[in-house]
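Asker:
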Amino acid sequence: MQIENLLYDLSKAKNPTHILVSWSRMGTKVSTAKAIIAIDDYEKSFLPSNIVKTLYSDNNDFVPYFQSSKLYFIDNEILNNMLSSQNNVEIPIDYSIMFDTNYASYIHQFVNNPSSNLNNEVFTSIALLLRENYQYDFNFYLIENSKSMDLNSIYDFSDFIQNHNEIYQNIISLELFKSIDNTLFKNTGKLNYTITKSEATQKATDLITTLFCTKQGIEYLQNFTFMQKQMTLFLIGMLNIQFSSNKSPQKKIYDLFDFMNEKVGVYFERESIVAHRYFKEKGKLRIFRKIQKNGDTTKILETINNIAWDFVTPRVMEFFMRFGGEGKFFLPFILSHDAGLKEILQLFNVKACLIDEHLGFIPVPSINTQDYYESENCTIDFESYFSKENKSKRATTLNKNREVIDQLINEECNKLIETISKPK
15 MQIENLLYDL SKAKNPTHIL VSWSRMGTKV STAKAIIAID DYEKSFLPSN IVKTLYSDNN
75 DFVPYFQSSK LYFIDNEILN NMLSSQNNVE IPIDYSIMFD TNYASYIHQF VNNPSSNLNN
135 EVFTSIALLL RENYQYDFNF YLIENSKSMD LNSIYDFSDF IQNHNEIYQN IISLELFKSI
195 DNTLFKNTGK LNYTITKSEA TQKATDLITT LFCTKQGIEY LQNFTFMQKQ MTLFLIGMLN
255 IQFSSNKSPQ KKIYDLFDFM NEKVGVYFER ESIVAHRYFK EKGKLRIFRK IQKNGDTTKI
315 LETINNIAWD FVTPRVMEFF MRFGGEGKFF LPFILSHDAG LKEILQLFNV KACLIDEHLG
375 FIPVPSINTQ DYYESENCTI DFESYFSKEN KSKRATTLNK NREVIDQLIN EECNKLIETI
435 SKPK
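Position one of the sequence shown corresponds to residue 15 (the working numbering), numbered consecutively onward.
(1) Per the DSSP calculation, Pro78 is bridged to which residue(s)?
(2) Are at least three pairs of beta-carbons, each pair with one atom in the segment 332-348 and one in the segment 106-117, less than 8 Å apart?
(3) Less than 9 Å separating the beta-carbons of Pro379 and Ser25?
(4) When you compare each of Met241, Ser110, Asn254, Ile267 to Leu349 by their alpha carbons, which one comes out closest?
(5) If you draw a straight line from the C-alpha of Phe334 to the C-alpha of Phe347, how long is it?
(6) Quickly, what does DSSP pair Phe375 with across the bridge? List them, please.
(7) So, under 8 Å CB-CB, Ser59 and Asn90 are touching, yes? Tell me the CB distance rounded to an integer number of Å.
(8) What number of angstroms, rounded off, separates the C-alpha of Gly251 from the C-alpha of Asp420?
(9) Would you check if the distance between the CB atom of Lys277 and the CB atom of Asp269 is smaller than 9 Å?
(10) How would you write the range of the beta strand (DSSP E) that Phe174 sits in, first residue to last?
(11) In three-state terms, what does DSSP make of Asp310?
(12) Under 8 Å Cβ to Cβ from Ile358, same chain only, skipping five residues before and after it: list those, please.
(13) Are Thr138 and Asn74 closer than 9 Å when you measure CB to CB?
(14) Which partner residues does Phe113 have in the DSSP bridge list?
(15) Helix, strand or coil for Ala27, going by three-state DSSP, please let me know.
(16) Where Tyr148 and Phe400 are concerned, what is the direct C-alpha to C-alpha distance, given to the nearest angstrom?
(17) Are there 16 or more other CB atoms within 10 angstroms of the CB of Leu373, so buried, or fewer, so exposed?
(18) Rounded to whole angstroms, what is the Cα-Cα separation between His351 and Tyr70?
(19) If you draw a straight line from the C-alpha of Ser275 to the C-alpha of Ser389, how long is it?
(20) State the CB to CB distance for the pair Arg284 and Pro377, rounded to an integer number of angstroms; the pair is presumed to be in contact (CB under 8 Å).
(21) Could you spell out the range, first to last residue, of the beta strand (DSSP E) harbouring Tyr399?
(22) Under three-state DSSP, which class holds Ile255?
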């Protein structure tokens, strides 16, 4: 129970003292853990000024995981160093820029024709990349594009290139872009690639082969696509609840909790709060604006699938925060022009995260979930919801869904289409 108390304390922390006191109480219980916490009352920044100035600006398309740049980093080693040293403690932090599909295409366009007619926001973001020596990661782009692929078998490389050459060409261009001499560009405005086209092609070939032409790579991608399908199922259930009755938001959220328990097999904490806001605002959240009562349902599943990928994006970022990077801590940023994705990360507004070797990655919302529901007069019985019986039930449902998720999505989507098409 002490971990739950720590998470609650982190969600309320306003300054470093609050964090240090809460963390020190845990002792050896957090010996394999580390945390990142956003706090308002904190002038010093562990982040370099160029990171804060560039990547946390509203004037470009960089999307951070944390909405605040005032981040505090802690683990037992850092705590001990702080207590034993009078000097500033150095914390190894790694950063990486991930590209969504549109930006990968923009980079490809830029590499092959630097004078191409890109819009101002896109060109500004690309110019910022060229002036700084950032780390890049292309896995997110490949994960996002795996949604259109058959992941039931391992690809032969030549077959992959034949069927998905655009992806391959984009990766080659991204590798070339990554090699641009930033210092030369900053001083002269000239582009100089430090690797050849054939070297970039080999790097792209190696990455594609690792992800799509090996058993381990396919299993890695399957985990993300299953997560996205579970999110699709959750969103279909949420939309069906919204359009099927005029119940109050409080009653609709009860129905959604039942749906997660009975059909999804997963408790989506942050997504449930977004769903409650959607119910409360009578379906007016911008990201769902294309789905309306008596609206066109021709491409509704495709629309929900795309929204689900946006909802999954923070969880992909969390995966890389847990396993990626060379430093003790890893901060991912996504380069995206997608307003829906930006809206979701703002809605989630993560206050902190705990990363533990045994517990995994635990995000801490800026609003404590139980406090939020109580303030909205939603009396959720969390003790019952997280009883051994209900957790076991959800685990069984989740395992079953691995075999029947596509069928479930189609069944629930047909119900949604019927609900939406009914006259008001």
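Ideal Cβ placement from N, Cα and C applies to all residues, glycine included.
For clarity, every value in this text was computed on a predicted model and none was experimentally measured.
Answerer: So, from the data block:
(1) Position 64 of the sequence shown, counted from the start, is the residue given in the question as residue 78. Phe347.
(2) yes
(3) The sequence position of residue 379 within the sequence shown is 365, counting from 1. The sequence position of residue 25 within the sequence shown is 11, counting from 1. In contact: Pro379 and Ser25 (Cβ atoms closer than 9 Å).
(4) Numbered from its first residue, the sequence shown carries residue 349 at position 335. When only C-alpha atoms are compared, the closest one is Ser110.
(5) Mapped onto the sequence shown, residue 334 falls at position 320. Mapped onto the sequence shown, residue 347 falls at position 333. Spanning the two alpha carbons is a distance of roughly 11 Å.
(6) The sequence position of residue 375 within the sequence shown is 361, counting from 1. In DSSP, Phe375 forms a bridge with Ile369.
(7) Residue numbering aside, residue 59 sits at position 45 when the sequence shown is read from its first letter. Residue numbering aside, residue 90 sits at position 76 when the sequence shown is read from its first letter. About 22 Å separates the two Cβ atoms, so there is no contact after all.
(8) Position 237 of the sequence shown holds residue 251. Position 406 of the sequence shown holds residue 420. Rounded to whole angstroms, Gly251 to Asp420 spans 14 Å at the Cα level.
(9) Locating residue 277 in the sequence shown gives position 263, counting from the first residue. Locating residue 269 in the sequence shown gives position 255, counting from the first residue. No; because the gap between Cβ atoms is not below 9 Å, this pair is not in contact.
(10) For the purposes of this step, residue 174 is taken as the residue at position 160 of the sequence shown. That residue, Phe174, is in no beta strand (DSSP E); its alpha helix (DSSP H) goes 171-177.
(11) Position 296 of the sequence shown holds residue 310. In this structure, Asp310 counts as coil in the three-state DSSP scheme.
(12) Your numbering for residue 358 matches position 344 in the sequence shown. Hits under 8 Å: Val288, Ile301, Asp324, Phe325, Thr327, Pro328.
(13) Within the sequence shown, numbered from 1, the residue matching residue 138 stands at position 124. Within the sequence shown, numbered from 1, the residue matching residue 74 stands at position 60. Yes. Within cutoff.
(14) Your numbering for residue 113 matches position 99 in the sequence shown. In the DSSP output, where bridge partners are listed per residue, Phe113 has Leu349.
(15) For the purposes of this step, residue 27 is taken as residue 13 along the sequence shown, with counting starting at 1. Coil at Ala27, not helix or strand.
(16) Numbered from its first residue, the sequence shown carries residue 148 at position 134. Numbered from its first residue, the sequence shown carries residue 400 at position 386. Near 42 Å, if we compare the C-alpha coordinates of Phe400 and Tyr148.
(17) As a first step, residue 373 must be located in the sequence shown, where it is residue number 359. Classification of Leu373: exposed, given that the 10 Å Cβ count is below 16.
(18) Sequence index remark: in the sequence shown, residue 351 carries index 337 (1-based). Sequence index remark: in the sequence shown, residue 70 carries index 56 (1-based). About 15 Å.
(19) Here residue 275 refers to the residue found at position 261 of the sequence shown. Here residue 389 refers to the residue found at position 375 of the sequence shown. One detail in the question is off: residue 275 reads as Asn in this sequence, not Ser. For Asn275 and Ser389, the distance between alpha carbons rounds to 23 Å.
(20) By one-based count along the sequence shown, residue 284 stands at place 270. By one-based count along the sequence shown, residue 377 stands at place 363. Between Pro377 and Arg284 the Cβ distance is about 7 Å, and since that is below 8 Å, they are a contact.
(21) Against the sequence shown, residue 399 aligns to sequence position 385. Not the beta strand (DSSP E): Tyr399 falls in the alpha helix (DSSP H), residues 396-399.
(22) Position 241 of the sequence shown holds residue 255. Of the three classes helix, strand and coil, the one that applies to Ile255 here is helix, per DSSP.
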